[in-house]
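Participant: Residue numbers (the UniProt record's numbering), protein chains in the order written: chain P, 1 to 257; chain W, 1 to 270.
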């Protein structure tokens, strides 16, 4: 069954690539704007041999990783604090609901004003966008604490910190993991957006440069790289999730008792 | 040892005022196994949570070894009915048992020793490395009991611990509790809705009235110390005692404080 699915998936991808090759060759779209798959592939090969490409990729990943780390750290800490300090959740709920829907890209002028084209500009946007994903999931997760588990911990004399560590955190972890996975994807989108629009160094900037210099196959090649990056990040995040939540019913599956 | 005096608990909220427990007074001596039995919904769990310091009573006082209980006291362990939710699924069996011990000032080797000893007492030495959800319901509840044992409490509170397991497992667990009580000399306060279980297990049965709850009767169980499922349950004295408790519960449900209501510690006549 697994083998069949993999074969079907590969066949689908091959058909898609063949279509990308055929459509421009048949003249259905202009080759100048939509080069066939083979030309994109060869442009990708050229990029991979180029040092500039690798340093751009490094810049993008740096912005992504630092931004994501800050967002996850801050989201978890704020989420737990807001939940366990009495009245804080009620007091902050409306502010969170107001700030959360502000699209991160709307902060681009502010970022430029503050930091120009530095890495900090990218970080501001990445952190703002991914922070909310983590925060909201953490808030939900903390609410999910089982009253019986909580009472058990209290009856055995576990203090506040021990309860946060041994009861609240493991309960919230599945939610936090979902938040991190969403945040990882959003962080990549924002990192590339920031580079593209602001001109901070990275894959986004390379895409913009390729576009303005009419290097159309190269532009597509870079877009493909950005897509592959997103795919890898998602696969990686899922693997981390499965490892960390081996005990959770969403991962462990049915057990024979 | 454990003294409950004038205990009253009123829940207030959303315009509703529920008097769960009206006025409860009883004492549990050190080393005694007392069963609390009452009609369903009579506030047994509320009472036990007040005793365990998990709920604050509206009035009255609980004292453990002459100290008023204002929060979960160190010398007390609680076994919940919902073992599946009371054990932490993210920890293995041994870690679950060890966690409360980490709050005590014990060396690592001493903790290990207590965990191994508790697991052996409940016959689950092989399950130390398993996750709770890999075990059957009866085994999970034994893990919860082992966790309480390892904590070395003076008083063990059990809140309908066997209500969710099948009848055969339940019989085994009842014998386990009797054995542990006799081996370890703990004081046990055991809440149940099952009259047979209360009589089979207890040295004394405290019968509670329907809500708002008061003590309907206290009854000494004069069955021999050696009890077993086969013989004790068919003994004529067992039948008399369970019939008596059953009548009391029925009276409690009707809400008629019958003349039979005695607050003495004497068993009913043969």
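Just so it is clear, CB atoms sit at the ideal spot from N, CA and C, and this is done for glycine as well. For clarity, every value in this text was computed on a predicted model and none was experimentally measured.
Quick one: using the 10 Å Cβ neighbour count with 16 as the cut-off for buried, is residue 141(W) buried or exposed?
Facilitator: buried
Participant: Give me, in chain order, the residues of the same chain whose beta-carbon lies closer than 8 Å to that of residue 144(P); leave out the 5 immediate sequence neighbours on both sides.
Facilitator: In the same chain as residue 144(P), and ignoring 5 residues on each side of it, the C-beta atoms closer than 8 Å to its own belong to 171, 172, 175, in chain order.
Participant: Would you say residue 247(P) lies against chain W (beta-carbon separation less than 8 Å)?
Facilitator: By this cut-off, residue 247(P) is an interface position.
Participant: Would you kindly work out how many angstroms separate the C-alpha atoms of residue 223(W) and residue 237(W), rounded to a whole number?
Facilitator: In a straight line, the C-alpha of residue 223(W) is about 7 Å away from that of residue 237(W).
Participant: Taking its Cβ as the centre, do 16 or more other Cβ atoms sit within 10 Å of residue 108(W), making it buried, or is it exposed?
Facilitator: exposed
Participant: Pick helix, strand or coil for residue 55(W), following the three-state DSSP scheme.
Facilitator: coil
Participant: Consult DSSP for residue 262(W) and reduce its assignment to one of helix, strand or coil.
Facilitator: Here residue 262(W) scores only 49 on pLDDT, less than 50, and its place in the model should not be relied on; the value that follows carries that caveat. DSSP places residue 262(W) in coil when its eight states are reduced to three.
Participant: Using 10 angstroms around the beta-carbon of residue 168(W), count the other beta-carbons present and answer buried if the total reaches 16, otherwise exposed.
Facilitator: exposed
Participant: The region 188-200 of chain W: which residues have C-beta closer than 7 Å to a C-beta of chain P, in chain order?
Facilitator: Going along the region 188-200 of chain W in chain order, one finds no residue with a Cβ nearer than 7 Å to chain P.
Participant: Short check: CB of residue 231(P) to CB of residue 57(P), under 8 Å?
Facilitator: no
Participant: Threshold first: 3 residues or longer. Then list the beta strand (DSSP E) segments lying entirely within the region 100-177 of chain W, N to C.
Facilitator: 155-159
Participant: Restricting to Cα atoms, I'd like to know which of 214(W), 192(W), 172(W) is closest to residue 230(W).
Facilitator: 172(W)
Participant: Taking contact to mean 3 or more Cβ pairs, one atom from each stretch, closer than 8 Å, check whether the region 180-189 of chain W and the region 146-158 of chain W are in contact.
Facilitator: yes
Participant: In whole angstroms, give me the CA-to-CA distance for residue 174(W) and residue 22(W).
Facilitator: 30 Å
Participant: When the cut-off is 8 Å and only beta carbons count, does residue 82(W) lie next to chain P?
Facilitator: yes
Participant: Which stretch, first to last residue, makes up the alpha helix (DSSP H) that contains residue 93(W)?
Facilitator: Following the DSSP letters along the chain, one finds residue 93(W) inside the alpha helix (DSSP H) bounded by residues 93-98.
Participant: What are the residues in the region 139-154 of chain W lying within 7 Å of chain P by C-beta distance?
Facilitator: Closer than 7 Å at the C-beta level to chain P, one finds these residues of the region 139-154 of chain W: 151.
Participant: Let me know the secondary structure DSSP gives residue 221(W) once reduced to three states.
Facilitator: coil
Participant: Could you check the C-alpha separation between residue 65(P) and residue 235(P) for me, to the nearest Å?
Facilitator: Between residue 65(P) and residue 235(P), the C-alpha separation is close to 16 Å.
Participant: Please say whether residue 89(W) and residue 132(W) have beta carbons closer to each other than 8 Å?
Facilitator: yes
Participant: Check each candidate in 35(W), 27(W), 43(W) and name the one with the smallest Cα separation from residue 9(W).
Facilitator: 43(W)
Participant: Taking a contact to mean a Cβ-Cβ separation below 8 Å, would you say residue 67(P) touches residue 179(P) in this structure?
Facilitator: no
Participant: Give, in chain order, every unbroken run of the alpha helix (DSSP H) that is at least 4 residues long and sits entirely within the region 121-181 of chain P.
Facilitator: 147-155, 160-163
Participant: Straight-line CA distance for residue 14(W) to residue 254(W)?
Facilitator: 29 Å
Participant: Using beta carbons (cut-off 8 Å, strictly below), is residue 258(P) in contact with chain W?
Facilitator: Since the displayed chain P opens at 1 and closes at 257, residue 258(P) lies outside it and no answer follows.
Participant: Which chain P residues are close to residue 131(W), counting only those with a beta carbon under 7 Å from its beta carbon?
Facilitator: Residues of chain P passing the Cβ test: 247.
Participant: Thinking residue 25(W) and residue 2(W) are a contact (beta carbons under 8 Å), I'd like their distance in whole angstroms, please.
Facilitator: Actually they do not touch by this definition, with Cβ atoms about 12 Å apart.
Participant: Would you call the CB atoms of residue 119(W) and residue 157(W) closer than 8 Å?
Facilitator: no
Participant: Does the distance from the CB of residue 48(W) to the CB of residue 201(W) come in under 8 Å?
Facilitator: no
Participant: Short of 6 Å in beta carbon distance, which residues of its chain neighbour residue 274(W), apart from the five on each side in sequence? Order them along the chain.
Facilitator: The structure shown does not extend to residue 274(W), since chain W is modelled only from 1 to 270, so the question has no answer here.
Participant: Can you check whether the C-beta of residue 68(W) is within less than 8 Å of a C-beta belonging to chain P?
Facilitator: no
Participant: Among 180(W), 208(W), 225(W), whose alpha-carbon lies nearest the alpha-carbon of residue 39(W)?
Facilitator: 208(W)
Participant: Do we get a CB-CB distance below 8 Å when we pair residue 157(P) with the residues of chain W?
Facilitator: yes
Participant: Can you give me, in chain order, the residues of the region 162-190 of chain W that have a beta carbon less than 9 Å from any beta carbon in chain P?
Facilitator: none
Participant: For residue 190(P) versus residue 125(P), is the C-beta distance shorter than 8 Å?
Facilitator: Yes, the pair counts as a contact, with Cβ atoms nearer than the cut-off.
Participant: Assuming contact is defined by CB atoms lying nearer than 8 Å, are residue 216(W) and residue 159(W) in contact in what I supplied?
Facilitator: The criterion of a C-beta distance shorter than 8 Å is not satisfied by residue 216(W) and residue 159(W).
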